[in-house]
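**Student:**
Numbering (full-length UniProt numbering), first residue to last: 1 to 499.
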């Protein structure tokens, strides 16, 4: 195998940094509008980021335009680190997050759409910084890598390897045979849905600033809110919460199916096996938790959060159940109520959703529903093989036969995911967390979820973690966002061997 094309890697990191800096400059008008001194720090951070990117790109602009698989993995992983390192600058230059480990954690939590935070008083933060914080979600949600893939043809660079590394899930559905056209249409859908939610939230009673921040956080399945109480701040406005539930659900679905739905091809959407599990599973778990809240505990525990009590106890129980289920399942991490204060059974059910995840091809994190479907079918396949060892019985998904290589990949992913979860939980206990908190912090970081259980529950945050714990959780957020293999393959010796 030929040597790695480091020049094209560095050139791409430069482009990533330039785009990131331009996004930072978008936050400056928000700071100017609110007459904040921090506008100078944000402006300086944006200019610095663009300058770094320009230098990296300029001195490597004549690199050979060939990108192989190895370059693709390096570009995606290093690109995400470049985003994070430069993304910390607005926090550092404005001194709003003075400890660098905290700034790195908050930034990577944004780009990875995890939504875990170290901020203890969000509402006291400057508006320009809060916008940038939400913007990191929006950038990371679809992946700035995919955005750059859309413009790479202008530079004579092919982008298939990058798209596959950015979205390494088992699904290979495309809306258009050209990968750049796919990227463009994904971003068009993403932008349109964000704008639509912004308009609806503003109409429902949010301020324009809160509406745009929550719209970006919802469509990215991120979870950063501009309020200390998250969406519980709007418990007196059921309409706002239902709007967010609907858009969280849309964001957790495969964006290719969303494209078909927007084209009026609803039957094609429901022909998707994964979507049917996602749709009916969400309804089923929501109704189960609603039943448990209403019949097996004091429903006033939920309803008392709503002022005024507009539609009654049962509606309130259903709304908070639906909000919690959709928020956790899509790995958004918004909070309307503290589900750890409900019955133990409800807490266990919701925590189990940490290991499900949204749909492949969505902005959600986690294991993904399609992997669970294939694993369950593969298990039944083994039962059948015990009875009929000579029979050829394929594992079928969406009417087609699943290749064994895909099945092995999914099983390997799951085993590795659970192994990392177990080892990381143990390691976090060495960093000072109790067992329940270590369990919650690991599941949250690896699944890019946000609030969890223990001392990182929906009414707490990650500020109390030790510095080593924050760095380690940041690592978990990164590998979880890029679905393990993309990052971990770089740590293997054979990746760097010349063949």
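Glycine included, each C-beta is placed from N, C-alpha and C at the ideal position.
Considering Cα atoms alone, identify which of 181, 324, 271, 448 is closest to residue 399.
**Tutor:** 271
**Student:** Which of helix, strand or coil does DSSP assign to residue 397?
**Tutor:** strand
**Student:** Can you round the beta-carbon distance between residue 42 and residue 24 to whole angstroms, since I take them to be within the 8 Å contact cut?
**Tutor:** 6 Å
**Student:** Do residue 404 and residue 393 come within 8 Å of each other at the CB atom, strictly closer than that value?
**Tutor:** No, Cβ-Cβ distance for residue 393 and residue 404 is not below 8 Å.
**Student:** At the level of alpha carbons, what is the spacing between residue 365 and residue 240?
**Tutor:** Looking at the two C-alpha atoms, the distance is approximately 24 Å.
**Student:** Which full runs of the alpha helix (DSSP H) of 4+ residues lie inside the region 365–393, going along the chain?
**Tutor:** 369–387
**Student:** By Cβ distance below 6 Å, which residues in the same chain neighbour residue 27 in space, the five residues on each side in sequence not counted?
**Tutor:** 42, 128, 131, 132
**Student:** Quick one: residues in its chain with C-beta nearer than 6 Å to the C-beta of residue 10, no 5 flanking neighbours on either side, listed in chain order?
**Tutor:** 56, 60
**Student:** With respect to 7 Å, is the separation between the Cβ of residue 449 and the closest non-hydrogen atom of the ligand MN below this value?
**Tutor:** Judged by which ligands are present, the structure shown has none, so any question about the ligand MN falls away.
**Student:** Closest by CA to residue 44, which one among 235, 224, 86, 101?
**Tutor:** 86
**Student:** Identify, in the order they occur along the chain, each residue of the same chain with its Cβ nearer than 6 Å to the Cβ of residue 454, setting aside the five sequence neighbours on each side.
**Tutor:** 436, 437, 440
**Student:** Grab me the residues of residue 427's own chain with a C-beta within less than 7 Å of its C-beta, minus the 5 sequence neighbours each way, in chain order.
**Tutor:** 472
**Student:** Starting from residue 471, trace the alpha helix (DSSP H) both ways and give me its first and last residue.
**Tutor:** 467–481
**Student:** If residue 8 and residue 70 are in contact, beta carbons under 8 Å, what's the gap, nearest whole angstrom?
**Tutor:** About 11 Å; that fails the 8 Å criterion.
**Student:** Grouping DSSP H, G and I as helix and E and B as strand, with all else coil, what is residue 359?
**Tutor:** coil
**Student:** May I ask you to report which of helix, strand or coil DSSP gives residue 253?
**Tutor:** Residue 253 sits in coil when the DSSP states are folded into three classes, being neither helix nor strand.
**Student:** If you compare alpha carbons, which of 237, 197, 221 is closest to residue 205?
**Tutor:** 237
**Student:** Tell me which residue opens and which closes the alpha helix (DSSP H) that residue 352 is part of.
**Tutor:** 344–352
**Student:** Which word fits residue 295, buried or exposed, when buried means at least 16 other C-beta atoms lie within 10 angstroms of its C-beta?
**Tutor:** exposed
**Student:** Taking 8 Å as the cut-off, does the region 107–115 touch the region 325–344 (at least 3 CB pairs, one atom from each stretch)?
**Tutor:** yes
**Student:** Pick from 433, 82, 488, 372: whose alpha carbon is nearest that of residue 14?
**Tutor:** When each option's Cα is compared against that of residue 14, the closest is 82.
**Student:** Please work out which residues of its chain come closer than 6 Å, Cβ to Cβ, to residue 155, disregarding the five sequence neighbours upstream and downstream, and give them in chain order.
**Tutor:** At residue 155 the pLDDT is 41, less than 50, meaning the model places this residue with poor confidence and gives no usable figure here.
**Student:** Select from 138, 247, 79 the residue whose C-alpha is nearest the C-alpha of residue 213.
**Tutor:** 138
**Student:** Residues in its own chain within less than 8 Å of residue 395 by CB, not counting five upstream and five downstream?
**Tutor:** Here the set comprises 374, 377, 378, 381, 401, 402, 407.
**Student:** Would you identify the three-state DSSP class for residue 161, choosing helix, strand or coil?
**Tutor:** Caution applies to residue 161, whose pLDDT of 49 falls short of 50 and renders its modelled position unreliable; the value that the coordinates give is listed next. Here residue 161 sits in helix by DSSP.
**Student:** Contact check, residue 277 vs residue 420 under 8 Å by CB: the rounded distance?
**Tutor:** Not quite, the Cβ-Cβ distance comes to about 25 Å (not below 8 Å), so this is no contact.
**Student:** If we count Cβ pairs, one from each stretch, closer than 8 Å, do we get three or more for the region 180–196 versus the region 253–269?
**Tutor:** yes
**Student:** Which word fits residue 102, buried or exposed, when buried means at least 16 other C-beta atoms lie within 10 angstroms of its C-beta?
**Tutor:** By the 10 Å Cβ count, residue 102 comes out buried.
**Student:** On the criterion of 16 or more Cβ atoms from any shown chain inside 10 Å, does residue 123 qualify as buried, or is it exposed?
**Tutor:** exposed
**Student:** Does the beta-carbon of residue 491 have 16 or more other beta-carbons within 10 angstroms, so that it is buried, or is it exposed?
**Tutor:** exposed
**Student:** Using a 10 Å radius around the Cβ and a threshold of 16 neighbouring Cβ atoms, would you call residue 477 buried or exposed?
**Tutor:** By the 10 Å Cβ count, residue 477 comes out buried.
**Student:** State the start and end residues of the unbroken alpha helix (DSSP H) segment that holds residue 12.
**Tutor:** In the DSSP assignment, residue 12 falls within the unbroken alpha helix (DSSP H) covering 6–33.
**Student:** Which one of 109, 313, 182 has the shortest CA to CA distance from residue 221?
**Tutor:** 109
**Student:** Between residue 93 and residue 349, what straight-line distance do the alpha-carbon atoms span, to the nearest angstrom?
**Tutor:** 42 Å
**Student:** Among 134, 354, 340, which one has its Cα closest to the Cα of residue 225?
**Tutor:** 134
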